[in-house]
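This report concerns only the one structure given below.
Number of protein chains: 2
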Amino acid sequence: MSTAEVEAVLAQLEGSWDEARDRLFSLLRIPSISAQPDHAADCASAARWLAEEFAAIGFTTEIRQTPGHPIVIGHYAGPEGAETLPHVLFYGHYDVQPADPLELWESPPFEPRLVEHPDGLRVVARGAVDDKGQVVTFLCACRAWYRATGALPIRVTLLLEGEEEVGSPNLDAFIAEHRDELAADVALISDTGMWDRTTPALTTQLRGMVYVQIDLFGPSRDLHSGMYGGAALNPINALTRVLGDLHDDAGRVRIPGFYDGVAELPPALAAQWQALGFDEAAMLGAIGLPAGSAGELGRPVLERLWARPTADLNGIWGGYTGAGSKTVIPSEAHAKLSCRLVPGQDPAAVLAGLRQFVAERTPPGARIDIQDLNASPGVAVPGDGPHIAAAVAALTDEYGKPPVMMGCGGSIPVVGSLRRLLGLDTILMGFGLEDDQVHSPNEKFDWSCFKGGARSHARLLAKLAGRG
Amino acid sequence: MSTAEVEAVLAQLEGSWDEARDRLFSLLRIPSISAQPDHAADCASAARWLAEEFAAIGFTTEIRQTPGHPIVIGHYAGPEGAETLPHVLFYGHYDVQPADPLELWESPPFEPRLVEHPDGLRVVARGAVDDKGQVVTFLCACRAWYRATGALPIRVTLLLEGEEEVGSPNLDAFIAEHRDELAADVALISDTGMWDRTTPALTTQLRGMVYVQIDLFGPSRDLHSGMYGGAALNPINALTRVLGDLHDDAGRVRIPGFYDGVAELPPALAAQWQALGFDEAAMLGAIGLPAGSAGELGRPVLERLWARPTADLNGIWGGYTGAGSKTVIPSEAHAKLSCRLVPGQDPAAVLAGLRQFVAERTPPGARIDIQDLNASPGVAVPGDGPHIAAAVAALTDEYGKPPVMMGCGGSIPVVGSLRRLLGLDTILMGFGLEDDQVHSPNEKFDWSCFKGGARSHARLLAKLAGRG
Chain X
540 MSTAEVEAVL AQLEGSWDEA RDRLFSLLRI PSISAQPDHA ADCASAARWL AEEFAAIGFT
600 TEIRQTPGHP IVIGHYAGPE GAETLPHVLF YGHYDVQPAD PLELWESPPF EPRLVEHPDG
660 LRVVARGAVD DKGQVVTFLC ACRAWYRATG ALPIRVTLLL EGEEEVGSPN LDAFIAEHRD
720 ELAADVALIS DTGMWDRTTP ALTTQLRGMV YVQIDLFGPS RDLHSGMYGG AALNPINALT
780 RVLGDLHDDA GRVRIPGFYD GVAELPPALA AQWQALGFDE AAMLGAIGLP AGSAGELGRP
840 VLERLWARPT ADLNGIWGGY TGAGSKTVIP SEAHAKLSCR LVPGQDPAAV LAGLRQFVAE
900 RTPPGARIDI QDLNASPGVA VPGDGPHIAA AVAALTDEYG KPPVMMGCGG SIPVVGSLRR
960 LLGLDTILMG FGLEDDQVHS PNEKFDWSCF KGGARSHARL LAKLAGRG
Chain Z
540 MSTAEVEAVL AQLEGSWDEA RDRLFSLLRI PSISAQPDHA ADCASAARWL AEEFAAIGFT
600 TEIRQTPGHP IVIGHYAGPE GAETLPHVLF YGHYDVQPAD PLELWESPPF EPRLVEHPDG
660 LRVVARGAVD DKGQVVTFLC ACRAWYRATG ALPIRVTLLL EGEEEVGSPN LDAFIAEHRD
720 ELAADVALIS DTGMWDRTTP ALTTQLRGMV YVQIDLFGPS RDLHSGMYGG AALNPINALT
780 RVLGDLHDDA GRVRIPGFYD GVAELPPALA AQWQALGFDE AAMLGAIGLP AGSAGELGRP
840 VLERLWARPT ADLNGIWGGY TGAGSKTVIP SEAHAKLSCR LVPGQDPAAV LAGLRQFVAE
900 RTPPGARIDI QDLNASPGVA VPGDGPHIAA AVAALTDEYG KPPVMMGCGG SIPVVGSLRR
960 LLGLDTILMG FGLEDDQVHS PNEKFDWSCF KGGARSHARL LAKLAGRG
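Those sequence lines, one after another, are chains X and Z. For reference, each letter of the first sequence is one residue, going 540 to 1007 in my numbering. For reference, each letter of the second sequence is one residue, going 540 to 1007 in my numbering.
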């Protein structure tokens, strides 16, 4: 009930930013790349790091093994009477994307630095914002409560996984097996962004994903294109022919049934997003592209990013890729393809449609395998209710203006899992910015966003406890 | 005039196959991969090897530097009166293709082995047949003449280059600068194949080539497909869309003007090829493909291979190609494309058409560069005249049946250069087989083909001298 208490917690935060930076850097130095088997020990290290840090501020933490990388579970019982207050399940992930292409990093990806920039200081490292930095904002907020008041004001359960970047293959089973242990009233995730550097946001709509690897096999061995060209199926020719047909001239995806269940945006939400005045030309200009260079013709960019499904090739390879020329017809060619899904699309149906799309275009003599690497539905979370109201109040206090209620083009499949398996809605309160270069070289997290994130989490704990 | 003389030369060959094998193996052990700069010293070694071997049998040889790998020149003056006999210019190349993918070789590519096989012994190594093995058949024939009779029966000039597999960028200039030194009456090349293991062939029609690298540039950095998918141009999507359009549904190449100058096969030649009874199903079945899996609908396979132009993608790469998934929209994507050309097509016009094809399909926001790596026209050589008659006679004596006059799907650009710059026609007498895995892992040269090649060259020297 005391603003003075919140002010004390915030003062504690303000007095310990150097310590927070050191803490963040020690986590960022661990190259916990979940996709690469030789980094398994690093993933285990990052899990241990988190378990120890939260244990140091009163959590009971445990590292749980899975068939993949471990999951960290933590419990904080809260003060006396906390049973009557909201119980928060905080989810985050300690794994990161591969750092390649390494040569494009201005400093090594796992040697974090605080870099001066015209927009302000920024932390540069793989995982700076996705998601280690954002997890540490929550850790720092809890630590400040613990130091300033001796306790957190509410019950908190932690669920910190190490396989988010590879599609969380073991998470759903873990959640299902530990339903009782993970029981809470609301989930909280910091893995999304602000509207801009000074305007907070809550995310209420997330795209899902179907991610596949497509392997096309043709002749039983590599061939000389002079001796076989014009007679033998060329797997690269065939693969480009199949994949080049993914979109029609209006930018719509040609996979059969792809748009089944995709609703048109409600006019009120469309108007709200339109009113945000988002500048597509500026967004794309910053990466050297003109407006309208991708997506469905005639739809506003925020709708294309937040409320429309896509199909993007994320990788392709086959044949000779070295210097100069080699006149080979290779025996196989490969691609990685991801479809971003919106609420209403069924990932299994999209995958079936993709298989049909490929089968219909597979030429005689070719065999195409499709490996399902990842599938999760798009998710919408409520934009109102007491928990969201607490987050709106915390952000409004911190930033002096209410948060934008926005969509997100990316996927956080766990939001759907928490809803389905635990019946929980999620507060998606994140502090990233559009230029954070997530999944790219030189990933960064603005230091002001880190600080604002930690302060906002400190305020949110108070609001949820009715003490802010 | 003496068959006894030829028999003595052949007897000399028959008595020295072990020595011939050792000689061939010592050349095959040199990894003279012209495309890879770190093998430059190996290319120089292979040139030295050839210069020394031919010098040992009476040639005056010299190694000439070029801006790339060196060229070996050799002269053999011939016996008294040789001025009245045909003067042969023998062309070959000592460079080889890269050996990757290395893991598919059953033995290391530069450790030649003589391997038992149901079809007979075979030499397995990179360059076994293309073209080191075939060059050594000629070397052995010359050596047998030198040993058995003390001299070669005619004048011979050697032109042995080390850049054939990278498009011979320095050869034409060299030939033009050394016109007088390279003067001859007819050229001879062994870089083609037999009709089958027991039927010799002369090749009279060769496809040319345009080889390009296509580089597509999109956003200025790699992007997260969740944050940008549906808004930012995806270079892999764009590249597959451009390249997937290369062929129409009838297998014709869509490059503007591609078929300009391509003549229909003369009915007589078409009938001759048809009469060969070539088994497309067997050829393709051997590499796991059904008949009719590529090329222009409705044309016989030999016509498609020997007399029709093609467009084959030889390599493609972009984005994430490692294990698992990475949701990246890469900033660029690349491909290598080669068009096989037939006589009548102008390589410059095909290249211009290709640039137009790509430009017409380049989406807004993309930049596509086309690097011209190689361009040479298709070539037809005469199928009659005294020099060809000598080759027909030599092969008929050796194999007991006349050679098939065939086309070749591959390119030997030097044939066009020798015609244009020196006014020479070329005898294309080669001893490869269709299953030699040229440019592929486990390249081989049948030992019986090697022997028959050396014996045929020995006979040809006699026929050209009027002594066979």
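The C-beta atom is built at its ideal place from N, Cα and C for all residues, glycine as well.
Contacts around residue i, its chain only, beta-carbon distance under 7 angstroms, and the 5 residues preceding and following it disregarded
| i | result |
| --- | --- |
| D923(X) | none |
| W856(Z) | H873 |
| D975(X) | V668, E982, K983, F984 |
| V920(Z) | T743, V954, D964, T965, L967 |
| P829(Z) | L823 |
| P606(X) | N709 |
Min CB distance residue i to chain Z below 7 angstroms
| i | result |
| --- | --- |
| P903(X) | yes |
| D761(X) | yes |
| M540(X) | Note that M540(X) scores a pLDDT of 41, beneath 50, so its modelled location is shaky; the value from the coordinates is reported in the next line. So no, M540(X) is outside the interface. |
| L772(X) | yes |
| N709(X) | no |
| W856(X) | yes |
| K983(X) | no |
| Y630(X) | no |
| R879(X) | yes |
| G1008(X) | Coverage of chain X is limited to positions 540 through 1007, which leaves residue 1008(X) absent and any answer about it impossible. |
| G834(X) | yes |
| V705(X) | yes |
| I775(X) | yes |
Contacts around residue i, its chain only, beta-carbon distance under 6 angstroms, and the 5 residues preceding and following it disregarded
| i | result |
| --- | --- |
| T901(X) | I907 |
| L841(Z) | W812, F817 |
| G631(X) | D670, V674, L699 |
| K1002(X) | A929, A932, A933 |
| A820(Z) | A830 |
| A680(X) | A993, H996, A997 |
Anticipated Cβ contact below 8 angstroms, residue i with residue j, distance rounded
| i | j | result |
| --- | --- | --- |
| P952(X) | S915(X) | 3 angstroms |
| A846(X) | I794(X) | No, A846(X) and I794(X) are not in contact; Cβ-Cβ is about 18 angstroms, not under 8 angstroms. |
| G904(Z) | L772(Z) | 4 angstroms |
| D634(X) | E553(X) | With a Cβ gap of about 31 angstroms, D634(X) and E553(X) do not count as contacting. |
Identified DSSP bridge partners for residue i
| i | result |
| --- | --- |
| R603(Z) | I610(Z) |
| R879(X) | M748(X), T849(X) |
Short CB-CB distance (under 7 angstroms) between residue i and chain X
| i | result |
| --- | --- |
| H578(Z) | no |
| Q636(Z) | yes |
| Y938(Z) | no |
| P758(Z) | yes |
| D851(Z) | yes |
| K671(Z) | no |
| L844(Z) | yes |
| L972(Z) | no |
Residue i: contacting residues in chain Z (beta-carbon distance under 8 angstroms)
| i | result |
| --- | --- |
| R847(X) | G769 |
| T742(X) | Per Cβ cutoff of 8 angstroms: no residues; T742(X) is ~12 angstroms from chain Z at best. |
Under 7 angstroms from the C-beta of residue i: neighbouring residues of chain X
| i | result |
| --- | --- |
| V977(Z) | H763, M766 |
Proximal residues to residue i (C-beta, below 8 angstroms), its chain only, five neighbours per side dropped
| i | result |
| --- | --- |
| G538(X) | Any answer about residue 538(X) is impossible in this case: the structure gives chain X only from 540 up to 1007. |
| M540(X) | For M540(X), the predicted structure reports a pLDDT of 41, less than 50, and the residue's modelled location is therefore unreliable. A value from the coordinates is still provided. Excluding positions up to five away in sequence, the list reads G1005, R1006. |
| H786(X) | V792, R793, A850 |
| D885(Z) | D799, G800, P916 |
| A862(X) | none |
Per-residue contacts from residue i into chain X (C-beta, under 8 angstroms)
| i | result |
| --- | --- |
| R661(Z) | The premise fails here: R661(Z) is roughly 16 angstroms from chain X at the closest Cβ pair, so nothing lies under 8 angstroms. |
| A862(Z) | A574, Q575, P576 |
| K990(Z) | By Cβ distance, chain X contributes nothing, its closest Cβ being about 23 angstroms from K990(Z), past 8 angstroms. |
| Y750(Z) | S864, T866 |
| P886(Z) | Ordered by position in chain X, no residue passes the 8 angstroms Cβ test against P886(Z), which lies about 14 angstroms from the chain. |
Proximal residues of chain Z, C-beta to C-beta of residue i below 7 angstroms
| i | result |
| --- | --- |
| R746(X) | G765 |
| Y859(X) | N853, G854, K875 |
| V840(X) | A770 |
Chain X residues whose Cβ lies nearer than 9 angstroms to that of residue i
| i | result |
| --- | --- |
| T779(Z) | L778, T779, R780, V781, L782, G783, D784, L785, L852, I855, A874 |
Neighbour list for residue i in chain Z, Cβ cutoff strictly below 9 angstroms
| i | result |
| --- | --- |
| I826(X) | G757, P758, S759, R760, L762, Y767, A771, S870 |
| P829(X) | L772, P903, G904 |
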